[in-house]
Amino acid sequence: MEKQEYLDLYREMVVIRRLEERAAELYQQGKIGGFLHLYIGQEAVCAGIGSVRQPQDRIITAYRDHGWAISAGMDPKVVMAELLGKKDGCSMGKGGSMHMADTSLNFWGGHAIVGAHIPIATGLALGDHYQENDDAITICMFGDGATNIGFFHEGLNLSKVWNLPVLWVCENNQYGMGTAVERASAVSEIRQKAEGYGMPNDRIDGMDVMNVREQVARVMEEIRNGGGPHLLEIMTYRYRGHSMGDPERYRNKEEVKKWEDEDPIGVFRKYLVKEGVASDEVLDEQDDLAEKIIEEAVEFAEASPNPGKDLLFEHIYAEETSIEYRGYRLENESEEN
Amino acid sequence: MARMTMREAISQALWEEMERDERVFIQGEEVGVWGGTYAVTKGFYDHFGEKRVRDTPIAETAIIGSAIGAALTGLRPVAELMTINFAFVAMDHIVNEAAKLHYMFAGQFKLPLVIRATSGGGRQLAATHSQTPDAIFAHFPGLKVVSPGTPADAKGLLKSAIRSDDPVLFIENATLYQTRGEVPEGVDVLEPLGKSKVQREGDAVTIVAYSKMVQAALQAADMLAEDGIEAEVVDLRSLRPLDMDPVIESFKRTNRAVVAEEGWRSYGIGAEVSARIYELAFDYVDAPVKRVAQAEVPLPYNAELEQLALPQTEDIYRAAKEVVNG
Numbered sequence: 001m002e003k004q005e006y007l008d009l010y011r012e013m014v015v016i017r018r019l020e021e022r023a024a025e026l027y028q029q030g031k032i033g034g035f036l037h038l039y040i041g042q043e044a045v046c047a048g049i050g051s052v053r054q055p056q057d058r059i060i061t062a063y064r065d066h067g068w069a070i071s072a073g074m075d076p077k078v079v080m081a082e083l084l085g086k087k088d089g090c091s092m093g094k095g096g097s098m099h100m101a102d103t104s105l106n107f108w109g110g111h112a113i114v115g116a117h118i119p120i121a122t123g124l125a126l127g128d129h130y131q132e133n134d135d136a137i138t139i140c141m142f143g144d145g146a147t148n149i150g151f152f153h154e155g156l157n158l159s160k161v162w163n164l165p166v167l168w169v170c171e172n173n174q175y176g177m178g179t180a181v182e183r184a185s186a187v188s189e190i191r192q193k194a195e196g197y198g199m200p201n202d203r204i205d206g207m208d209v210m211n212v213r214e215q216v217a218r219v220m221e222e223i224r225n226g227g228g229p230h231l232l233e234i235m236t237y238r239y240r241g242h243s244m245g246d247p248e249r250y251r252n253k254e255e256v257k258k259w260e261d262e263d264p265i266g267v268f269r270k271y272l273v274k275e276g277v278a279s280d281e282v283l284d285e286q287d288d289l290a291e292k293i294i295e296e297a298v299e300f301a302e303a304s305p306n307p308g309k310d311l312l313f314e315h316i317y318a319e320e321t322s323i324e325y326r327g328y329r330l331e332n333e334s335e336e337n
Numbered sequence: 338m339a340r341m342t343m344r345e346a347i348s349q350a351l352w353e354e355m356e357r358d359e360r361v362f363i364q365g366e367e368v369g370v371w372g373g374t375y376a377v378t379k380g381f382y383d384h385f386g387e388k389r390v391r392d393t394p395i396a397e398t399a400i401i402g403s404a405i406g407a408a409l410t411g412l413r414p415v416a417e418l419m420t421i422n423f424a425f426v427a428m429d430h431i432v433n434e435a436a437k438l439h440y441m442f443a444g445q446f447k448l449p450l451v452i453r454a455t456s457g458g459g460r461q462l463a464a465t466h467s468q469t470p471d472a473i474f475a476h477f478p479g480l481k482v483v484s485p486g487t488p489a490d491a492k493g494l495l496k497s498a499i500r501s502d503d504p505v506l507f508i509e510n511a512t513l514y515q516t517r518g519e520v521p522e523g524v525d526v527l528e529p530l531g532k533s534k535v536q537r538e539g540d541a542v543t544i545v546a547y548s549k550m551v552q553a554a555l556q557a558a559d560m561l562a563e564d565g566i567e568a569e570v571v572d573l574r575s576l577r578p579l580d581m582d583p584v585i586e587s588f589k590r591t592n593r594a595v596v597a598e599e600g601w602r603s604y605g606i607g608a609e610v611s612a613r614i615y616e617l618a619f620d621y622v623d624a625p626v627k628r629v630a631q632a633e634v635p636l637p638y639n640a641e642l643e644q645l646a647l648p649q650t651e652d653i654y655r656a657a658k659e660v661v662n663g
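Written as structure tokens, this is what we have:
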């Protein structure tokens, strides 16, 4: 890696952290509605994988997707605009926090039903396999909580039966909402579930971005060489609650503190200084830059217009199709006009 | 024109579209080596090979979920659910993913996907395998729901569904597979999605039906003709989007209607169609709209009881007589 690449990777992680912290504030101000699931503490996972994936590799993830949007290459302005439900958001304000996507960047969302995107990922890989895009890998992210639902098992099984190029990544943040892994999963290590499908698997540390990079690059090379699907369990921790409405009665402050001492941004920062890649001053500049990027994103999002009522009826179908009913108010309005 | 069964018409539509477009492929339980549990895809595996005729595990979530994913990459999958009763297992992927993704991501995701499924009772398969839950699926904006009543429509509508860029649930009635009819020849002979069609002209009463009930309605119309009553039969063909124009045009002439469906009456197709008749043509109503539907019981195995619960030609005939005679 060149020096600039290290700095970019560091800044990306700080951008994600600042984005999430600002999102929490905006949520408390009532400017972001619905559910908001923060990625704080897990930044090394998406940044690490994002830094080794190739443009032809597809990414699909669950609802904790803001970090992934950034690592996939989306402009923080567009992410923030979507959080605020504005027209300049990636989904024009129709998807919100849980539905970030940019297919031009091969980022396929942002899916809110736990585990439902897992069989869809199998299909994305089938699409590449069928069309002989032999170099492409589908990277499918999900939480530990998603591995107890049927979708996971059907999706993994079929990916192995058809030997499809999928990197299955469990971001094990140790809680499915408020239920600890050992209270919900019959096996303590999620990677063991891959054994049932004869699938290679590993469990790795996800708080060190360099480790994530190295391990993921190795596994992706195996998949690209025709090795078939692989399950990677990446150990991580979310510092915040499951979503903004989480009272966090299920864990104590000491536990959170223990993990904060291993903060992925702090770990990477120490590494960069120790290895002589960058000084604290240089990294502080990157922090300031990240801060500026997010402030500009907030300004952009606040200034962006609402989608407007015409967009209500756009995108129901790809083909021109009659709309059956526009709601009582609009139907009567159109009759009056 | 060629005379053929509904099964042959559906099979021919699939075959022609697969010949025409490399992106079209089939996947589902026993569609390949077995040749399809209803023999619709017999011979496909040998001709098109395992890449394009894909046998899957008995795992509906994986069948529909992976078809959605493949469609997102630009392929045109035709995913087969052996029966619509198994669609409940894949409900999330049908109504929560396929019907939503295009809208929720503001048009970024395109799903040129067809889900084929057989619906309906009458084959002594008992309560879990005999349902006609078509209305449930027609409830969701974002999904297109099609269900033909004649071989010609089956072929033309299935071809349109495969060529459509939207997710289409294509519902076939297994007891119609042996029904014969004239089918126009030509690879590009299509029937439009979302358009109802008058299958028989008449001026005394409008019978609205779809799928198997179209055949029953046509038979009832023949019986009514012997009594001097000319019934018009309007075939909905698509349940979403629902094209009411031919229904309303007909009703404004006949002023009387019967709506026939094989599924349960409560919250059903008949409820929707009759409500729309009242909304759109109240001034033309000469008699209350009658609904013919399945008795509200889980269908029993016993043949006599099963037939008692299912709507019959006779029911349509009697309902039509009642609305005509008042």
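First to last, the sequence lines map onto chains S and A. Under the working numbering, think of the first position of the first sequence as 1, with each following residue one higher. Under the working numbering, think of the first position of the second sequence as 338, with each following residue one higher. Built from N, CA and C at the ideal position, the CB exists for glycine as well.
>> Rounded to whole angstroms, what is the Cα-Cα separation between A:A427 and S:R329?
In response: 35 Å
> Per DSSP, what kind of secondary structure is A:E528 in: helix, strand or coil?
Replying inline: coil
> According to the Cβ coordinates, are S:R213 and S:T138 closer than 7 Å?
Replying inline: no
> Which ranges does the alpha helix (DSSP H) cover as unbroken runs of at least 4 residues, wholly within the stretch 521-581 of chain A, from first to last along the chain?
Replying inline: 549-563
> On the premise that S:L105 lies in contact with S:L164, defined as a C-beta separation below 8 Å, what is that separation, rounded to the nearest angstrom?
Replying inline: Between S:L105 and S:L164 the Cβ distance is about 21 Å, and since that is not below 8 Å, they are no contact.
> In its own chain, which residues sit with a C-beta less than 8 Å from the C-beta of S:V273, not counting the 5 before and 5 after it?
Replying inline: S279, D280, L283
>> Residues of the stretch 130-150 of chain S in Cβ contact with chain A at a cutoff of 9 Å, in chain order, please.
In response: Y130, Q131, N133, T138, G150
> Should A:V483 and A:A498 be called a contact, given that it needs their Cβ atoms to be closer than 7 Å?
Replying inline: yes
> With burial defined as no fewer than 16 other Cβ atoms inside 10 Å of the residue's Cβ, what is the status of S:I265: buried or exposed?
Replying inline: buried
>> Check for me: the alpha helix (DSSP H) holding S:P305 runs from which residue to which?
In response: No alpha helix (DSSP H) holds S:P305; DSSP gives it neither H nor E.
> Using a Cβ-Cβ distance under 7 Å, would A:D429 count as near chain S?
Replying inline: yes
>> Cβ closer than 8 Å: which chain A residues qualify as neighbours of S:S91?
In response: M441, F442, A443, Q445
> Can you tell me the Cα-Cα spacing of S:S91 and S:F107, whole angstroms?
Replying inline: 12 Å
> S:E341 to S:Y239, Cα distance in whole Å?
Replying inline: Only positions 1 to 337 of chain S appear in this structure, which leaves residue 341 of chain S out of reach.
>> Between the alpha carbons of A:N592 and A:V584, how many angstroms are there, rounded?
In response: 11 Å
>> Against chain A, with Cβ distances strictly below 7 Å, would S:T61 count as a contact?
In response: no
> Helix, strand or coil for S:C90 per DSSP?
Replying inline: coil
> Nearest chain S C-beta to A:S484 closer than 7 Å, yes or no?
Replying inline: no
> So, helix, strand or coil for A:D620, using DSSP?
Replying inline: helix
> If you run the structure through DSSP and keep just helix, strand and coil, what is A:A597?
Replying inline: strand
> What did DSSP end up calling S:V187 once you bin it into helix, strand or coil?
Replying inline: coil
> Closer than 7 Å, CB to CB, is A:D623 near chain S or not?
Replying inline: no
>> Excluding the 5 residues flanking A:T420 on each side, which residues of the same chain have their C-beta closer than 7 Å to its C-beta?
In response: A454, T455, H466
>> Against S:D246, what residues of chain A qualify as contacts under a CB-to-CB distance less than 9 Å, listed in chain order?
In response: Correct list: empty, because the minimum Cβ distance to chain A is about 24 Å.
>> Please report the distance separating the alpha-carbon of A:F446 from that of S:D65.
In response: 17 Å
> Could one say the Cβ of S:E154 lies closer than 7 Å to chain A's Cβ atoms, at least one of them?
Replying inline: yes
>> I want to see whether chain A comes within less than 7 Å of S:H66, judged by CB atoms only; does it?
In response: no
> Nearest to A:F507 by alpha carbon, out of A:K492, A:K437, A:G369?
Replying inline: A:K492
> Under 7 Å, do S:A112 and S:Y39 count as touching if we go by C-beta distance?
Replying inline: no
> The alpha helix (DSSP H) with A:F474 in it runs from where to where?
Replying inline: 471-475
>> Counting only beta-carbon separations shorter than 7 Å, does S:K94 have a partner in chain A?
In response: yes
>> In whole angstroms, give me the CA-to-CA distance for A:E616 and A:Y547.
In response: 21 Å
>> According to DSSP, is A:K481 part of a helix, a strand, or is it coil?
In response: strand
> Taking only runs of the beta strand (DSSP E) that begin and end inside the stretch 624-650 of chain A, which ones reach a length of at least 3 residues, in chain order?
Replying inline: 627-631
> Under a Cβ-count criterion, where at least 16 other Cβ atoms within 10 Å of its own Cβ denotes burial, should A:N639 be classed as buried or exposed?
Replying inline: exposed
> Who does A:G518 pair with in a DSSP beta bridge?
Replying inline: A:M341
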